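*Asks:* Quick one: the structure is below, questions incoming.
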Amino acid sequence: AGGKVPPAVHSIEMDQPEQSYGTVDSTTFQVRGPNYLEDRVKIASAPAAFDLVEVSGFSTEGKCMFSSERSDSYYSRARAVGKKEFLFIMHFDLNPMHVVMVFELNGDAMEKDTNFANCFKRFLEGDDNYKNQRLKLITSVVDANWIVKKTIGKPVPALIGNKLQCHYRQLDDLLECTCDVNSSMAAKAILGVVKSACKGIVCDLVLLLEGRQEDELPERVIGCTRFIKHDLAKYTYLDTEAT
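All residue numbers for the sequence shown refer to my numbering, where the first residue is 7 and numbers rise by one.
And the structure:
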(Lines of atoms letter the chains of each structure in order from A and count residues from 1; the text may use other names and numbers.)
(Lines give C-alpha, C1' and ligand atoms only; values in the text may rest on other atoms or scores of the structure.)
Protein backbone atom coordinates (compact mmCIF):
# COMPACT_ATOMS: atom_id res chain seq x y z
CA ALA A 1 0.00 0.00 0.00
CA GLY A 2 1.07 3.58 -0.55
CA GLY A 3 3.27 5.12 -3.21
CA LYS A 4 6.94 4.65 -4.09
CA VAL A 5 9.32 5.91 -1.41
CA PRO A 6 11.70 8.52 -2.86
CA PRO A 7 15.42 8.09 -2.04
CA ALA A 8 17.26 10.51 0.25
CA VAL A 9 20.72 11.98 -0.29
CA HIS A 10 22.15 9.36 2.07
CA SER A 11 20.38 6.38 0.47
CA ILE A 12 22.93 3.92 -0.91
CA GLU A 13 22.52 2.57 -4.44
CA MET A 14 21.79 -1.12 -4.87
CA ASP A 15 23.75 -3.70 -6.91
CA GLN A 16 26.71 -1.52 -7.89
CA PRO A 17 30.34 -2.77 -7.97
CA GLU A 18 31.27 -0.64 -4.93
CA GLN A 19 29.77 1.65 -2.25
CA SER A 20 26.66 -0.45 -2.60
CA TYR A 21 24.54 -3.23 -1.16
CA GLY A 22 22.53 -6.20 -2.31
CA THR A 23 20.06 -8.77 -1.10
CA VAL A 24 21.11 -12.22 0.08
CA ASP A 25 19.30 -15.55 -0.09
CA SER A 26 18.44 -16.23 3.55
CA THR A 27 17.96 -19.95 2.84
CA THR A 28 21.77 -20.28 2.59
CA PHE A 29 22.07 -19.67 6.35
CA GLN A 30 21.66 -22.34 9.02
CA VAL A 31 19.24 -21.74 11.90
CA ARG A 32 17.94 -23.76 14.83
CA GLY A 33 15.66 -26.53 13.56
CA PRO A 34 12.21 -27.56 14.88
CA ASN A 35 13.67 -30.06 17.38
CA TYR A 36 16.82 -28.09 18.24
CA LEU A 37 16.17 -28.20 21.99
CA GLU A 38 16.51 -32.00 21.83
CA ASP A 39 18.80 -32.77 18.90
CA ARG A 40 20.79 -29.48 18.39
CA VAL A 41 20.26 -29.85 14.64
CA LYS A 42 20.30 -26.74 12.45
CA ILE A 43 18.48 -26.41 9.14
CA ALA A 44 18.32 -23.91 6.26
CA SER A 45 16.22 -20.86 7.11
CA ALA A 46 12.93 -20.20 5.37
CA PRO A 47 12.94 -17.07 3.15
CA ALA A 48 13.50 -13.91 5.22
CA ALA A 49 10.47 -12.68 7.16
CA PHE A 50 11.26 -9.08 6.19
CA ASP A 51 12.21 -7.55 2.83
CA LEU A 52 15.22 -5.25 2.65
CA VAL A 53 13.96 -1.87 1.39
CA GLU A 54 16.86 0.52 1.99
CA VAL A 55 20.42 0.84 3.23
CA SER A 56 21.79 4.26 4.07
CA GLY A 57 25.11 5.59 5.28
CA PHE A 58 25.79 9.03 6.69
CA SER A 59 27.89 10.97 9.17
CA THR A 60 26.79 13.61 11.66
CA GLU A 61 28.61 15.91 14.02
CA GLY A 62 26.12 15.50 16.86
CA LYS A 63 24.48 12.43 18.35
CA CYS A 64 21.94 10.52 16.29
CA MET A 65 20.39 7.96 18.63
CA PHE A 66 17.58 6.87 16.31
CA SER A 67 17.70 7.36 12.56
CA SER A 68 13.91 7.00 12.29
CA GLU A 69 13.41 10.27 14.20
CA ARG A 70 14.97 12.21 11.33
CA SER A 71 12.67 13.89 8.79
CA ASP A 72 14.81 12.45 5.97
CA SER A 73 14.67 8.86 7.29
CA TYR A 74 13.09 6.04 5.28
CA TYR A 75 10.43 5.77 7.98
CA SER A 76 9.43 9.43 7.56
CA ARG A 77 9.56 9.25 3.75
CA ALA A 78 7.49 6.04 3.66
CA ARG A 79 4.78 7.44 5.90
CA ALA A 80 4.66 10.62 3.79
CA VAL A 81 3.62 8.58 0.72
CA GLY A 82 1.08 6.52 2.64
CA LYS A 83 3.07 3.31 3.19
CA LYS A 84 2.11 1.78 6.52
CA GLU A 85 3.96 -1.56 6.62
CA PHE A 86 5.79 -2.45 9.86
CA LEU A 87 9.51 -1.60 9.66
CA PHE A 88 12.46 -3.15 11.48
CA ILE A 89 15.49 -0.88 11.42
CA MET A 90 19.01 -1.98 12.31
CA HIS A 91 21.24 1.01 13.01
CA PHE A 92 24.97 0.73 13.68
CA ASP A 93 26.27 3.89 15.36
CA LEU A 94 29.97 4.09 14.50
CA ASN A 95 30.19 7.76 15.60
CA PRO A 96 30.39 9.90 13.55
CA MET A 97 29.33 7.41 10.85
CA HIS A 98 25.99 5.61 10.83
CA VAL A 99 24.96 2.54 8.85
CA VAL A 100 21.22 1.90 8.67
CA MET A 101 19.39 -1.13 7.24
CA VAL A 102 15.62 -0.91 6.83
CA PHE A 103 13.46 -4.02 6.53
CA GLU A 104 9.73 -4.17 5.76
CA LEU A 105 7.60 -6.95 7.22
CA ASN A 106 6.35 -9.53 4.76
CA GLY A 107 2.73 -10.00 5.88
CA ASP A 108 2.73 -13.70 5.01
CA ALA A 109 5.51 -14.37 7.53
CA MET A 110 3.32 -13.49 10.50
CA GLU A 111 0.15 -15.05 9.10
CA LYS A 112 1.55 -18.35 7.81
CA ASP A 113 4.50 -19.03 10.14
CA THR A 114 2.95 -19.34 13.59
CA ASN A 115 6.20 -20.14 15.36
CA PHE A 116 8.02 -17.16 13.88
CA ALA A 117 5.01 -15.01 14.80
CA ASN A 118 5.22 -16.29 18.41
CA CYS A 119 8.90 -15.44 18.60
CA PHE A 120 8.56 -12.01 17.01
CA LYS A 121 5.51 -10.97 19.07
CA ARG A 122 7.31 -11.89 22.30
CA PHE A 123 10.33 -9.93 21.09
CA LEU A 124 8.16 -6.85 20.56
CA GLU A 125 6.44 -7.28 23.93
CA GLY A 126 9.69 -7.86 25.83
CA ASP A 127 11.70 -5.12 27.53
CA ASP A 128 15.14 -3.99 26.32
CA ASN A 129 16.89 -6.70 28.32
CA TYR A 130 14.67 -9.37 26.74
CA LYS A 131 15.40 -7.97 23.28
CA ASN A 132 19.14 -7.99 23.99
CA GLN A 133 18.92 -11.69 24.84
CA ARG A 134 17.11 -12.59 21.61
CA LEU A 135 18.42 -10.50 18.71
CA LYS A 136 21.25 -12.29 16.91
CA LEU A 137 23.65 -11.19 14.19
CA ILE A 138 25.64 -13.38 11.82
CA THR A 139 28.55 -11.68 10.03
CA SER A 140 29.71 -13.66 7.02
CA VAL A 141 32.73 -12.44 5.04
CA VAL A 142 32.24 -13.09 1.33
CA ASP A 143 35.37 -11.39 0.02
CA ALA A 144 38.19 -9.79 2.03
CA ASN A 145 41.89 -10.08 2.75
CA TRP A 146 43.06 -12.67 5.27
CA ILE A 147 43.59 -10.10 8.06
CA VAL A 148 39.92 -9.09 7.95
CA LYS A 149 38.76 -12.70 7.68
CA LYS A 150 40.88 -13.65 10.70
CA THR A 151 39.66 -10.62 12.69
CA ILE A 152 35.95 -11.18 12.03
CA GLY A 153 36.18 -14.97 12.27
CA LYS A 154 33.70 -17.60 11.18
CA PRO A 155 30.01 -16.74 10.65
CA VAL A 156 28.71 -17.72 14.09
CA PRO A 157 25.45 -16.20 15.44
CA ALA A 158 26.08 -13.73 18.28
CA LEU A 159 23.61 -12.02 20.62
CA ILE A 160 24.28 -8.38 19.76
CA GLY A 161 23.12 -7.08 23.13
CA ASN A 162 25.79 -9.16 24.89
CA LYS A 163 28.51 -7.53 22.79
CA LEU A 164 27.31 -3.96 22.34
CA GLN A 165 25.12 -1.39 24.06
CA CYS A 166 21.76 -1.43 22.24
CA HIS A 167 18.94 1.11 22.39
CA TYR A 168 15.42 0.52 21.07
CA ARG A 169 12.77 2.84 19.69
CA GLN A 170 9.41 1.12 19.39
CA LEU A 171 6.14 2.36 17.90
CA ASP A 172 3.08 0.49 16.62
CA ASP A 173 4.57 0.39 13.12
CA LEU A 174 8.30 0.45 13.86
CA LEU A 175 11.15 -1.05 15.84
CA GLU A 176 14.59 0.49 15.55
CA CYS A 177 17.60 -1.08 17.24
CA THR A 178 20.64 1.19 17.53
CA CYS A 179 23.91 -0.55 18.38
CA ASP A 180 26.68 1.64 19.78
CA VAL A 181 29.76 0.04 18.25
CA ASN A 182 32.03 2.28 20.35
CA SER A 183 30.61 0.75 23.56
CA SER A 184 32.85 -2.31 23.22
CA MET A 185 36.66 -2.32 23.08
CA ALA A 186 36.62 -5.58 21.10
CA ALA A 187 34.12 -4.19 18.59
CA LYS A 188 36.16 -0.99 18.26
CA ALA A 189 39.27 -3.04 17.52
CA ILE A 190 37.44 -5.08 14.87
CA LEU A 191 35.95 -1.90 13.42
CA GLY A 192 39.42 -0.36 13.19
CA VAL A 193 40.62 -3.24 11.03
CA VAL A 194 37.44 -3.31 8.95
CA LYS A 195 37.37 0.48 8.39
CA SER A 196 40.90 0.48 7.04
CA ALA A 197 40.09 -2.33 4.61
CA CYS A 198 36.40 -1.64 4.06
CA LYS A 199 36.80 -0.52 0.45
CA GLY A 200 37.82 -4.08 -0.44
CA ILE A 201 35.30 -6.02 1.67
CA VAL A 202 32.12 -7.77 0.66
CA CYS A 203 30.24 -9.14 3.66
CA ASP A 204 26.77 -10.33 4.62
CA LEU A 205 24.97 -9.24 7.79
CA VAL A 206 22.13 -11.53 8.84
CA LEU A 207 19.59 -10.77 11.59
CA LEU A 208 17.45 -13.32 13.39
CA LEU A 209 15.80 -13.98 16.74
CA GLU A 210 16.93 -16.78 19.02
CA GLY A 211 14.24 -19.41 19.44
CA ARG A 212 14.33 -20.89 22.95
CA GLN A 213 10.97 -22.67 23.16
CA GLU A 214 9.40 -25.37 21.03
CA ASP A 215 6.72 -22.99 19.74
CA GLU A 216 9.43 -20.56 18.55
CA LEU A 217 11.26 -23.09 16.38
CA PRO A 218 12.49 -23.43 13.73
CA GLU A 219 14.19 -20.04 13.72
CA ARG A 220 13.78 -17.83 10.69
CA VAL A 221 16.01 -15.07 9.36
CA ILE A 222 14.47 -11.61 9.85
CA GLY A 223 16.50 -10.04 7.08
CA CYS A 224 19.94 -9.92 5.53
CA THR A 225 22.10 -7.45 3.64
CA ARG A 226 25.22 -7.77 1.51
CA PHE A 227 27.55 -4.80 1.92
CA ILE A 228 29.68 -4.22 -1.16
CA LYS A 229 33.01 -2.38 -0.78
CA HIS A 230 32.01 0.56 1.38
CA ASP A 231 34.31 3.53 1.87
CA LEU A 232 32.94 4.91 5.14
CA ALA A 233 34.74 8.21 4.55
CA LYS A 234 32.47 8.81 1.55
CA TYR A 235 29.25 8.67 3.56
CA THR A 236 27.07 11.77 3.14
CA TYR A 237 27.44 14.40 5.86
CA LEU A 238 24.04 15.28 7.32
CA ASP A 239 23.05 18.13 9.57
CA THR A 240 22.25 16.83 13.06
CA GLU A 241 19.01 18.81 13.26
CA ALA A 242 17.00 17.19 10.43
CA THR A 243 14.13 16.27 12.75
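Where a beta carbon is used, it is the ideal one built from N, C-alpha and C, also for glycine. Predicted model only: the values in this text are computed from it and were never measured.
1. For the structure I just gave you, are there three or more beta carbon pairs, one from the region 76-85 and one from the region 27-34, closer than 8 Å?
2. What did DSSP end up calling Thr145 once you bin it into helix, strand or coil?
3. Within the same chain, show all residues whose beta-carbon is closer than 7 Å to that of Pro13, passing over the 5 residues directly before and after it, in chain order.
4. Please identify the residue among Gly9, Lys10 and Val15 whose C-alpha is closest to the C-alpha of Tyr243.
5. From which residue to which residue does the alpha helix (DSSP H) around Arg83 run?
6. For Met71, name the three-state secondary structure that DSSP assigns.
7. Which residues mark the beginning and the end of the alpha helix (DSSP H) in which Met116 is found?
8. Quick check: the region 211-225 against the region 142-157, are there 3 or more CB pairs under 8 Å?
9. Pull up the DSSP beta-bridge partners for Cys209, would you.
10. At a cut of 8 Å, does the region 60-75 reach the region 105-112 through at least three beta carbon pairs?
11. For Val187 and Leu100, which I take to be in contact (beta-carbon distance under 8 Å), what is that distance rounded to the nearest angstrom?
12. Any chance the region 31-38 sits against the region 47-57, with 3 or more Cβ pairs inside 8 Å?
13. To the nearest angstrom, report how far apart His97 and Glu216 are at their CA atoms.
14. Can you list, in chain order, the residues of its chain with a C-beta nearer than 7 Å to that of Met71? Leave out the 5 residues immediately preceding and following it.
15. Helix, strand or coil for Ile18? Go by DSSP, reduced to three states.
16. Going by alpha carbons, who is nearest to Asn112 out of Ile234, Arg232 and Val227?
17. Can you give the beta carbon distance from Leu223 to Tyr42, rounded, assuming they're within the 8 Å contact cut?
18. Cutting at 7 Å between CB atoms, please list the residues of its own chain near Lys240, excluding the five before and the five after it.
19. Which residue from Gln139, Lys235 and Arg175 puts its Cα closest to that of Gly271?
20. Tell me the rounded alpha-carbon separation between Gly39 and Ala123.
21. Taking buried to mean at least 16 other C-beta atoms within 10 Å of its own C-beta, is Pro163 buried or exposed?
22. On a Cα-Cα basis, can you pick out the residue from Ala86, Ile153, Pro23 and Arg175 that is closest to Asp134?
23. Which residue from Gln171, Asp178, Asp57 and Ala86 puts its Cα closest to that of Ala115?
*Replies:* In terms of the structure at hand:
1. no
2. Here residue 145 is taken as the residue at index 139 of the sequence shown, counted from 1. Strand, per DSSP.
3. On the sequence shown, residue 13 is found 7 positions in, with the first residue counted as 1. So the list is empty, once near-sequence residues are dropped.
4. Indexing the sequence shown from 1 puts residue 243 at position 237. Nearest C-alpha to Tyr243: Val15.
5. On the sequence shown, residue 83 is found 77 positions in, with the first residue counted as 1. Note, Arg83: alpha helix (DSSP H), Tyr80 to Ala86.
6. The sequence position of residue 71 within the sequence shown is 65, counting from 1. It is coil, neither helix nor strand.
7. By 1-based counting over the sequence shown, the position of residue 116 is 110. First-last of the alpha helix (DSSP H) with Met116: Gly113 to Lys118.
8. yes
9. For this step, residue 209 is matched to residue 203 along the sequence shown. Answer is Val147 and Phe233, bridged to Cys209.
10. yes
11. Looking up residue 187 in the sequence shown gives position 181. Looking up residue 100 in the sequence shown gives position 94. At roughly 5 Å, the Cβ-Cβ gap stays under 8 Å, so Val187 and Leu100 are in contact.
12. yes
13. To locate residue 97, count along the sequence shown from 1; it is residue 91. To locate residue 216, count along the sequence shown from 1; it is residue 210. Distance between the alpha carbons of His97 and Glu216 is about 19 Å.
14. Here residue 71 corresponds to residue number 65 of the sequence shown, with the count starting at 1. These residues qualify, in order along the chain: His173 and Thr184.
15. Translated into the one-based positions of the sequence shown, residue 18 becomes position 12. Three-state DSSP puts Ile18 in coil, outside helix and strand.
16. The residue you call residue 112 lines up with position 106 of the sequence shown. Answer by Cα proximity: Val227.
17. Taking the sequence shown and counting its residues from 1, the one referred to as residue 223 is at position 217. Taking the sequence shown and counting its residues from 1, the one referred to as residue 42 is at position 36. Yes, Leu223 and Tyr42 are in contact; Cβ-Cβ is about 6 Å, under 8 Å.
18. Taking the sequence shown and counting its residues from 1, the one referred to as residue 240 is at position 234. Result list for Lys240: Gln25, in chain order.
19. Beyond the ends of the chain as shown, which are 7 and 249, falls residue 271; an answer cannot be given.
20. Sequence index remark: in the sequence shown, residue 39 carries index 33 (1-based). Sequence index remark: in the sequence shown, residue 123 carries index 117 (1-based). Cα to Cα, Gly39 sits roughly 16 Å from Ala123.
21. As a first step, residue 163 is located in the sequence shown; it is residue number 157 there, counting from the start. Buried, by the Cβ-count rule.
22. Here residue 134 refers to the residue found at position 128 when the sequence shown is read from its first residue. Checked all of Ala86, Ile153, Pro23 and Arg175; the closest Cα to Asp134 is Arg175.
23. On the sequence shown, position 109 is the one that residue 115 refers to. Here the closest residue by C-alpha is Asp57.
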